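Structure record follows, encoded as structure tokens.
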Ligand SMILES: Nc1ncnc2c1ncn2[C@@H]1O[C@H](COP(=O)(O)OP(=O)(O)O)[C@@H](O)[C@H]1O
Ligand SMILES: [Mg+2]
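Residue numbers (this note's numbering), protein chains in the order written: chain Y, 57 to 437; chain E, 111 to 367.
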């Protein structure tokens, strides 16, 4: 480099820069970067975020108060309703009407700011519910109604207009979606717990095989050491999501293949970490205990176990923690649990508030697990 | 009485750590092994309780052949031989109490001991052992919370739990400063006065003169000296330690401690 003429250096640098810019440009094209859309579609994002920020958490019981008033169609086909002068009451602009006429329905002294369901109560045919209206602060509402053909008097019995005011009563209760989210969350947490537990049980014996200070003796030991070690490294190079896809291809979607994939990946990862913990054992205490005349098992329990248990426990908790996150993502692609719930709500287009509930639950659980695992690991250090 | 006859150790990589070493340790002695690092002191001590299996030669413990002992017999022999290490060899994360109790494993009920269940008598014995080395108040501390000198005292208490007839001490003070060295060796001296035989390797000559009743010296795996501490004169000293003599405090000749 030093001896090259400066012209050469300039040309070389220019070519390098050009290649760099070309690569960047290409990357931008293939990832379909579109900044304009980022702004154009901002309102969509805003609606989404707003829904997420107002999760569906609580609900209240509704008390229904019903007032009914006969309304003959056409006029004279049945007796008109008797007008009431005070208290909660309904009144119509005409006492009766011909089919297809319009009229105004008003309500007075009803519950203030309440949801009002207006229904046609049609003899022998049942109820026809109209869009909801709301009363004002003084309990008044007014609505434009059509005298529907379907509501004509039959055999001298007229249809009546029924007004239900719905008043929330009692304390706030947790909403159905909170219950659903909790249930899905439990599925996710237990998926993570199960896969971590099974992985631990398999990883412990394997980790001793993959620990050079234990196994790497003689031809058999050395072979076992390299086989387990390679197994760990190969499996670990697959992302859990990729592994989940492989298992889903085999077993279909659902919590089972997800848990299985998580178990396999966790086994390899824990096995590797365990084996490193075993390799880092201080041999001094082992020697000291042998010298006291303790037997093999006593030596292991009193000198090896205390040295590895804190590390093992902290790795297990760490994996449980990340497995909760991973199983959320696996759930998202069909593996059940909270991830699946979230993806269903988002795809349904109307479940954004419920999705909000799920997102907050995930945030809470991930935070709690993070805190818990950090705390436990601090204690064990 | 411990008899070592024609002991030879060749490590798998071909290193000859001991070459035809023979000597005796009489009951009640404080026998010190000296020699440069790498001369074979640790190998020698570990051959005696067979933490390392010797390649050739015999070791007799009261006329019982240690080198020919079955695994079960070996455990019983080891029970009588306490050992103290340069690096203390405590389980750092365990409590001082657990470390001391583990010295009793050779006597304890195997199954109960695996569950961590100890008889009240053993617990009392452990507290007494800690009391003898002056750290009974540390029983519930974690071992690694103690200073180096205190950790070595735990090591001695652990060896005491074996009710040993002999204690092997492999450079017990090499990791400690001079003041602490004397304090630790005084505990060993105290045990020796109470009738426990001590076989101890040491590096510094002033300590040898102060504590040893008899000395043997190793050089490159060969036994090159056997005699009283006072017999190590300037010439012998040069012979054992060679050119590195200066580092091992030749000063102790000019001003003996
Ligand atoms: N496990 C081993 N494998 C091979 N060589 C060893 C081993 N342990 C010690 N040695 C060698 O044996 C010789 C004696 O070592 P050691 O007994 O530790 O001496 P010292 O305790 O006097 O320093 C040294 O040359 C050392 O390198
Ligand atoms: Mg040594």
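Virtual Cβ for every residue (Gly too), placed ideally from N, Cα, C.
Because the structure is a prediction, the values reported are computed rather than measured.
Excluding sequence positions up to five away, which residues of its chain have a Cβ less than 6 Å from the Cβ of residue i?
| i | result |
| --- | --- |
| residue 302 of chain E | 140, 308 |
| residue 271 of chain Y | 265, 277, 280, 281 |
| residue 373 of chain Y | 429, 432 |
| residue 275 of chain E | 190 |
| residue 170 of chain E | 113 |
| residue 108 of chain Y | 412, 415 |
| residue 126 of chain E | 120, 331 |
| residue 219 of chain E | none |
| residue 116 of chain E | 130, 132, 167 |
Whose C-beta lies closer than 7 Å to the C-beta of residue i among residues of the same chain, with five residues either side of it excluded?
| i | result |
| --- | --- |
| residue 346 of chain E | 335 |
| residue 104 of chain Y | 408 |
| residue 307 of chain Y | 313 |
| residue 216 of chain E | 185, 188, 189, 272 |
| residue 125 of chain Y | 137, 146, 216, 217 |
| residue 231 of chain Y | 112, 113, 114, 115 |
| residue 258 of chain Y | 323 |
| residue 200 of chain Y | 158, 160 |
| residue 416 of chain Y | 111 |
| residue 435 of chain E | Past the boundaries of the shown model lies residue 435 of chain E; chain E is included only from 111 to 367, so the question cannot be answered. |
| residue 367 of chain E | Low confidence applies here, because residue 367 of chain E scores a pLDDT of 37, under 50, leaving its location unreliable and the question unanswered by this model. |
Could you give the DSSP three-state label for residue i: helix, strand or coil?
| i | result |
| --- | --- |
| residue 274 of chain Y | helix |
| residue 65 of chain Y | helix |
| residue 309 of chain E | strand |
| residue 127 of chain E | strand |
| residue 228 of chain E | coil |
| residue 174 of chain E | strand |
| residue 384 of chain Y | helix |
| residue 204 of chain Y | coil |
| residue 102 of chain Y | helix |
| residue 399 of chain Y | helix |
| residue 363 of chain Y | helix |
| residue 239 of chain Y | helix |
| residue 318 of chain E | helix |
| residue 191 of chain Y | coil |
| residue 440 of chain Y | Residue 440 of chain Y is absent from the model: chain Y starts at 57 and stops at 437. |
| residue 353 of chain Y | helix |
| residue 219 of chain Y | strand |
| residue 203 of chain E | coil |
| residue 214 of chain Y | coil |
| residue 75 of chain Y | helix |
| residue 470 of chain Y | Because chain Y in this structure spans residues 57 to 437, residue 470 of chain Y falls outside the shown range and cannot be described. |
Based on Cα-Cα distance, which residue from the options lies nearest to residue i?
| i | options | result |
| --- | --- | --- |
| residue 238 of chain E | E:194, E:149, E:211, E:129 | E:211 |
| residue 212 of chain Y | Y:303, Y:180, Y:310, Y:118 | Y:180 |
| residue 445 of chain Y | Y:230, Y:222, Y:436, Y:288 | Nothing in the structure corresponds to residue 445 of chain Y, since chain Y is present only between 57 and 437. |
| residue 252 of chain E | E:258, E:277, E:204 | E:204 |
| residue 337 of chain E | E:351, E:318, E:159 | E:318 |
| residue 209 of chain Y | Y:135, Y:288, Y:355 | Y:135 |
| residue 239 of chain Y | Y:64, Y:405, Y:434, Y:398 | Y:398 |
Go through its chain and collect everything with a Cβ distance to residue i's Cβ below 8 Å, but skip five positions before and after it.
| i | result |
| --- | --- |
| residue 256 of chain E | 206, 245, 248, 264 |
| residue 371 of chain Y | 326, 329, 330, 333 |
| residue 169 of chain Y | 190, 191, 192, 193 |
| residue 365 of chain E | Summary for residue 365 of chain E: the model assigns pLDDT 40, below 50, so the residue's position carries little reliability, and this model does not support an answer. |
| residue 286 of chain E | 258, 259, 262, 294 |
| residue 250 of chain E | 205, 206, 207 |
| residue 426 of chain Y | 377 |
What are the boundary residues of the beta strand (DSSP E) that residue i is part of?
| i | result |
| --- | --- |
| residue 67 of chain E | The structure shown has nothing for residue 67 of chain E, since chain E only spans 111 to 367. |
| residue 279 of chain E | 276 to 280 |
| residue 164 of chain Y | 158 to 164 |
| residue 148 of chain Y | 145 to 148 |
| residue 178 of chain Y | 171 to 178 |
Could you pull the start and end residues of the alpha helix (DSSP H) that residue i belongs to?
| i | result |
| --- | --- |
| residue 119 of chain Y | Looking at the DSSP string, residue 119 of chain Y is not in any alpha helix (DSSP H); the run it does join, the beta strand (DSSP E), is 114 to 126. |
| residue 182 of chain Y | Here residue 182 of chain Y belongs to no alpha helix (DSSP H); instead the beta strand (DSSP E) covers 182 to 185. |
| residue 426 of chain Y | 408 to 436 |
| residue 302 of chain E | 288 to 303 |
| residue 324 of chain E | Where residue 324 of chain E is concerned, there is no enclosing alpha helix (DSSP H), although the beta strand (DSSP E) it sits in stretches over 324 to 329. |
| residue 331 of chain Y | 311 to 335 |
| residue 152 of chain E | 151 to 158 |
| residue 210 of chain E | 206 to 211 |
| residue 63 of chain E | Because chain E here runs from 111 to 367, residue 63 of chain E falls outside it and cannot be looked at. |
Margin query: Under 8 Å, with one C-beta from each stretch per pair, do the region 279 to 289 of chain E and the region 187 to 207 of chain E reach the 3-pair mark?
Written below: Result yes; three or more Cβ-Cβ pairs closer than 8 Å.
Check: Are at least three pairs of beta-carbons, each pair with one atom in the region 311 to 325 of chain Y and one in the region 339 to 358 of chain Y, less than 8 Å apart?
Finding: No: fewer than three Cβ pairs fall under 8 Å.
Item checked: the region 164 to 176 of chain Y contacting the region 191 to 204 of chain Y, beta-carbon criterion three pairs below 8 Å -> Short answer: they touch.
Check: With a cut-off of 8 Å, do at least 3 Cβ pairs link the region 378 to 386 of chain Y to the region 352 to 368 of chain Y?
Finding: Short answer: they don't touch.
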